[in-house]
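Novice: First, the structure itself, so that you have it in front of you.
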Amino acid sequence: MKTNRAFILLGVLLLVACAGLAASLDRWFMNWAGNRAKDFSPLRIAIGDGQKIFAGQFYRKADVYFHSGMYPSIFDNNESFKTAHIGEDAGATGSKNTGDEENFLGKDRDIIDRFSRNFFPSRHTHLEAGDAPHETSSKELAEGESGEVREILPWLKIAQELDPEEPLTYTVTAYWLRRQMGKPREAELLLREGLKNLPDHPALQFELGRIYFENNRDVARARNIWRHAAATWQRQESAKPEPDRFIQEQILTHLAKLEEQAGNLPQAIDYWQQAGNLMPERAGIPERIKELRQKLAGAKPQP
Amino acid sequence: MKNSLAVAQLVILEMYRRKDFYVLFFLTVLITGLMGSVNFFNDPKVARYLKEICLALIWVCGAFIAIATTARQIPAERESRTIFPLMAKPITRWEVLFGKFLGCWLATCLCLVAFYLFFGIVAVAKEHHWPVGNYFQAWSLHCVMLGVVIGMTLLGSLVLSSVAANITLSVVVTAGILFIGRHLNKVAAQMGEVTGPLVSGLYYAIPHLELFDVRDLIVHNWPLIGWNIWGIAVLYALVYAALLVFTSWLVFRRKSFQ
Chain A
1 MKTNRAFILL
11 GVLLLVACAG
21 LAASLDRWFM
31 NWAGNRAKDF
41 SPLRIAIGDG
51 QKIFAGQFYR
61 KADVYFHSGM
71 YPSIFDNNES
81 FKTAHIGEDA
91 GATGSKNTGD
101 EENFLGKDRD
111 IIDRFSRNFF
121 PSRHTHLEAG
131 DAPHETSSKE
141 LAEGESGEVR
151 EILPWLKIAQ
161 ELDPEEPLTY
171 TVTAYWLRRQ
181 MGKPREAELL
191 LREGLKNLPD
201 HPALQFELGR
211 IYFENNRDVA
221 RARNIWRHAA
231 ATWQRQESAK
241 PEPDRFIQEQ
251 ILTHLAKLEE
261 QAGNLPQAID
271 YWQQAGNLMP
281 ERAGIPERIK
291 ELRQKLAGAK
301 PQP
Chain B
1 MKNSLAVAQL
11 VILEMYRRKD
21 FYVLFFLTVL
31 ITGLMGSVNF
41 FNDPKVARYL
51 KEICLALIWV
61 CGAFIAIATT
71 ARQIPAERES
81 RTIFPLMAKP
91 ITRWEVLFGK
101 FLGCWLATCL
111 CLVAFYLFFG
121 IVAVAKEHHW
131 PVGNYFQAWS
141 LHCVMLGVVI
151 GMTLLGSLVL
161 SSVAANITLS
171 VVVTAGILFI
181 GRHLNKVAAQ
191 MGEVTGPLVS
201 GLYYAIPHLE
211 LFDVRDLIVH
221 NWPLIGWNIW
231 GIAVLYALVY
241 AALLVFTSWL
251 VFRRKSFQ
């Protein structure tokens, strides 16, 4: 009887010790930086940061959809196709394409090659401005749906889920959401989610400013966001050996246009000059500055 | 022909009794349904990703049904020794073999009808239009392509020692042609003087199954393929299927079942 009691007490002691150890390990595990279980995503738990590799593939897949399936494979000539058109057309990234990227198929090599081109998309099209392979219906045009660019969204969403620290996915998705699909609210929410993952990222702030300027017509907020983005760029990028000049140039030119619209010509000239200093090879800036100076000179004599 | 049709009917009945098709169809419906329920930026009209997933599942299931059904036809008859009473009947070996081919092909085509009907329902629910001509072309090209695959698997079932080896080889060859068949000549151009012509010869010799993969045209709503082009493609596949069945018969007529 005495022995049984000792066994029961020992069992209870072991159970309490197990529960205590589990509780303390759980607390440590939840605070551990390498804990993948925080996200409750099976994919993240399984492959961790490896999912970023797949994110790039899904971004590419979105570009394939943007071209209605006409896209170079690894066997085709990819020399001239360096930048995805969804990003280039969105103004989210500078282009490294040479302009003849639609000719990757080249001339047909043989009779099978010639015949096979009837069975896959072999004409370059974009899912925007009525450039879809089939004829756009009058109903679609009436609804303002000239393109079917919404079809790229699932792949961009997956790319963003897999790599939440890639700014390009947010800016490209936000651009197409607000520009072609009339969903500035969804675009803003997406960018704000992006800013949670990438705090103070100038590209995300720039795109957010575009929503306020182009969609919401809120000049004051757009100005504040872009000024903040320009300052952030200076802080984050200017010291880098190869800074992302494209985005700073975009911020400055948009700020210049905003000030022009607001009638603050000296400020606009200042932004154009900064943009010109940053990208001296960009044509049209000196002429624009000259034009604005003339306008300013013409406006000054009046009392 | 009557005898071949009787054998084909048996194969179709066998397919009807087996659970393969039902399981695969249910899985396709389930996965497509789950993927269709995902919300992307509050836009219910996003459809192409769903069409692509559904068609990919149909292609995988179609290939599995065709290869698995065909690969076990002759070996199963041998193992269960039903080949002997079958041969004892007034039926030629050609009729048996052609009946097996026809049965597997018709059974697969029937399964594809169900799959493509489901695909059509999914597409019309999302896009509100039903391009019947395009779907017919996709289904018919898929069917004739699987005719070639069935012919290839039937030949494999007579040449290779086991069902597993035949299924594995058929899957590898089919997938290989589908993925790189179109590009073999480009690869050959980059190769040396000896291997280049070999790869180029292979390019001209293989049945170009990738021609029949018009999923991208369907997913992205491209216009119909010219009916003359479609006709040539169908004829191309039928010639290859006939060649493979004929080669299978050459092997089968000399085969000893002792």
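Those sequence lines, one after another, are chains A and B. If you count the first sequence from 1, position 268 lands on 268 in this note's numbering, and the numbers rise without skipping. If you count the second sequence from 1, position 247 lands on 247 in this note's numbering, and the numbers rise without skipping. Cβ atoms here follow ideal geometry from the backbone N, Cα and C, with glycine treated the same way. Computed from a predicted structure; not experimentally measured.
Just curious, the alpha helix (DSSP H) that Gly91/A is in, first and last residue?
Specialist: Taking the first sequence and counting its residues from 1, one reaches residue 91/A at position 91. Segment: none, Gly91/A is in no alpha helix (DSSP H) and carries neither H nor E.
Novice: Taking CB distances under 9 Å as the criterion, tell me whether Arg44/A reaches chain B.
Specialist: Taking the first residue of the first sequence as position 1, residue 44/A is located at position 44. So, not an interface residue.
Novice: Can you give the Cα-Cα distance for Arg78/B and Gly181/B, rounded to whole angstroms?
Specialist: On the second sequence, residue 78/B is found 78 positions in, with the first residue counted as 1. On the second sequence, residue 181/B is found 181 positions in, with the first residue counted as 1. Rounded to whole angstroms, Arg78/B to Gly181/B spans 34 Å at the Cα level.
Novice: Does the distance from the CB of Ser68/A to the CB of His183/B come in under 9 Å?
Specialist: Your numbering for residue 68/A matches position 68 in the first sequence. Your numbering for residue 183/B matches position 183 in the second sequence. No, the pair does not count as a contact, with Cβ atoms beyond the cut-off.
Novice: Give the range of the alpha helix (DSSP H) segment to which Glu249/A is assigned.
Specialist: In the first sequence, counting from the first residue as 1, residue 249/A sits at position 249. Note, Glu249/A: alpha helix (DSSP H), 245–262.
Novice: Using a Cβ-Cβ distance cut-off of 9 Å, determine whether Asn118/A contacts chain B.
Specialist: One-based indexing of the first sequence puts residue 118/A at position 118. Cβ-Cβ to chain B under 9 Å: yes for Asn118/A.
Novice: In terms of residues, what are the limits of the alpha helix (DSSP H) holding Asp216/B?
Specialist: One-based indexing of the second sequence puts residue 216/B at position 216. Per DSSP, Asp216/B belongs to the alpha helix (DSSP H) from 215–219.
Novice: Sorted by chain position, which residues of the same chain lie with C-beta nearer than 7 Å to Thr284/B's C-beta, five sequence neighbours on each side aside?
Specialist: Any question about residue 284/B goes unanswered here, given that chain B covers just 1 to 258.
Novice: Return yes when at least one heavy atom of the ligand ATP lies under 8 Å from the C-beta of Gln261/A, else no.
Specialist: As for the ligand ATP, it is missing from this structure, which has no ligand bound.
Novice: For the stretch 12–27 of chain B, which residues have a CB atom closer than 7 Å to at least one CB atom of chain A, in sequence order?
Specialist: So nothing in the stretch comes that close.
Novice: Does the beta carbon of Ile112/A sit closer than 9 Å to a beta carbon anywhere in chain B?
Specialist: Residue mapping note: residue 112/A aligns to position 112 of the first sequence, counting from 1. Output row for Ile112/A: interface = yes.
Novice: Whole angstroms are fine: how far does the CA of Tyr203/B sit from the CA of Ala241/B?
Specialist: Indexing the second sequence from 1 puts residue 241/B at position 241. Indexing the second sequence from 1 puts residue 203/B at position 203. Each residue's Cα considered, the two are about 17 Å apart.
Novice: Decide if Asp163/A is buried, meaning its Cβ has at least 16 other Cβ atoms within 10 Å, or exposed.
Specialist: The count along the first sequence starts at 1 and reaches residue 163/A at position 163. The residue is buried, with at least 16 neighbouring Cβ atoms inside 10 Å.
Novice: One question on the structure: do Phe257/B and Ile83/B come within less than 9 Å of each other, judged by their Cβ atoms?
Specialist: Within the second sequence, residue 257/B is the residue found at index 257, counting from 1. Within the second sequence, residue 83/B is the residue found at index 83, counting from 1. Going by C-beta atoms, Phe257/B is nearer than 9 Å to Ile83/B.
Novice: Let me know if Gly298/A comes out buried or exposed under the rule of 16 or more other beta-carbons within 10 Å of its beta-carbon.
Specialist: Sequence index remark: in the first sequence, residue 298/A carries index 298 (1-based). Counting Cβ neighbours within 10 Å, Gly298/A comes out exposed, since fewer than 16 surround it.
Novice: Mind checking which residues open and close the alpha helix (DSSP H) that includes Phe115/A?
Specialist: As a first step, residue 115/A is located in the first sequence; it is residue number 115 there, counting from the start. Per DSSP, Phe115/A belongs to the alpha helix (DSSP H) from 111–116.
Novice: Between Ile247/A and Arg215/B, what straight-line distance do the alpha-carbon atoms span, to the nearest angstrom?
Specialist: For the purposes of this step, residue 247/A is identified with residue 247 of the first sequence, where counting begins at 1. For the purposes of this step, residue 215/B is identified with residue 215 of the second sequence, where counting begins at 1. Each residue's Cα considered, the two are about 38 Å apart.
Novice: I'd like the list of long-range same chain contacts for His128/B, defined as Cβ closer than 8 Å, with 5 residues on each side in sequence excluded.
Specialist: Residue numbering aside, residue 128/B sits at position 128 when the second sequence is read from its first letter. Hits under 8 Å: none found.
Novice: Using the three-state DSSP reduction, which class does Phe212/B fall into: helix, strand or coil?
Specialist: Counted from its first residue, the second sequence places residue 212/B at position 212. Three-state result, Phe212/B: helix.
Novice: Note the first and the last residue of the continuous alpha helix (DSSP H) segment covering Leu198/A.
Specialist: The sequence position of residue 198/A within the first sequence is 198, counting from 1. Careful: Leu198/A lies outside any alpha helix (DSSP H) and carries neither H nor E.
Novice: Of the residues Asn3/B, Val46/B, Trp59/B, which one's Cα is nearest the Cα of Leu156/A?
Specialist: Counted from its first residue, the first sequence places residue 156/A at position 156. Per the Cα distances, Val46/B.
Novice: With distance defined between alpha-carbon atoms, name the residue in Thr108/B, Val132/B, Gly201/B nearest to Pro223/B.
Specialist: Residue 223/B sits at position 223 when you count from the first residue of the second sequence. Closest option to Pro223/B, Cα to Cα, is Val132/B.
Novice: Looking only at its own chain, which residues have a Cβ that is under 6 Å from the Cβ of Val245/B, when we skip the five neighbours before and after it?
Specialist: Here residue 245/B is taken as the residue at index 245 of the second sequence, counted from 1. If we look at Val245/B and ignore the five residues flanking it on each side, its Cβ neighbours are Phe101, Gly151.
Novice: Spatial neighbours of Ala66/B within its chain, please: C-beta separation below 6 Å, excluding the five flanking residues on both sides.
Specialist: Working through the second sequence from its first residue, we reach residue 66/B at position 66. Same-chain partners within the cutoff: Thr108, Leu146, Val149, Ile150.
Novice: Can you give me the C-alpha to C-alpha distance between Gln236/A and Pro243/A, rounded to a whole angstrom?
Specialist: Within the first sequence, numbered from 1, the residue matching residue 236/A stands at position 236. Within the first sequence, numbered from 1, the residue matching residue 243/A stands at position 243. Between Gln236/A and Pro243/A, the C-alpha separation is close to 9 Å.
Novice: Could you compute how far the alpha carbon of Val122/B sits from the alpha carbon of Glu52/B?
Specialist: The residue given as residue 122/B occupies position 122 in the second sequence. The residue given as residue 52/B occupies position 52 in the second sequence. Straight-line Cα distance between these residues: approximately 11 Å.
Novice: Considering only C-alpha positions, which residue in the set Leu208/A, Pro202/A, Arg117/A, Lys196/A is nearest to Thr173/A?
Specialist: Looking up residue 173/A in the first sequence gives position 173. If we check each option's Cα against that of Thr173/A, Leu208/A comes out closest.
Novice: Is there a Cβ of chain B sitting closer than 9 Å to that of Asp26/A, yes or no?
Specialist: Reading the first sequence from its first residue, position 26 is the one you call residue 26/A. For Asp26/A, the answer is no, since every Cβ of chain B falls outside 9 Å of its Cβ.
Novice: If you follow the alpha helix (DSSP H) that Asp49/A is part of, which residue opens it and which one closes it?
Specialist: Taking the first sequence and counting its residues from 1, the one referred to as residue 49/A is at position 49. Here Asp49/A belongs to no alpha helix (DSSP H), and DSSP marks it neither H nor E.
Novice: Below 8 Å between beta carbons is the criterion; list the residues of the stretch 49–65 of chain A that meet it against any residue of chain B, in chain order.
Specialist: Within the stretch 49–65 of chain A, the residues whose Cβ lies closer than 8 Å to some Cβ of chain B are Tyr65, listed in chain order.
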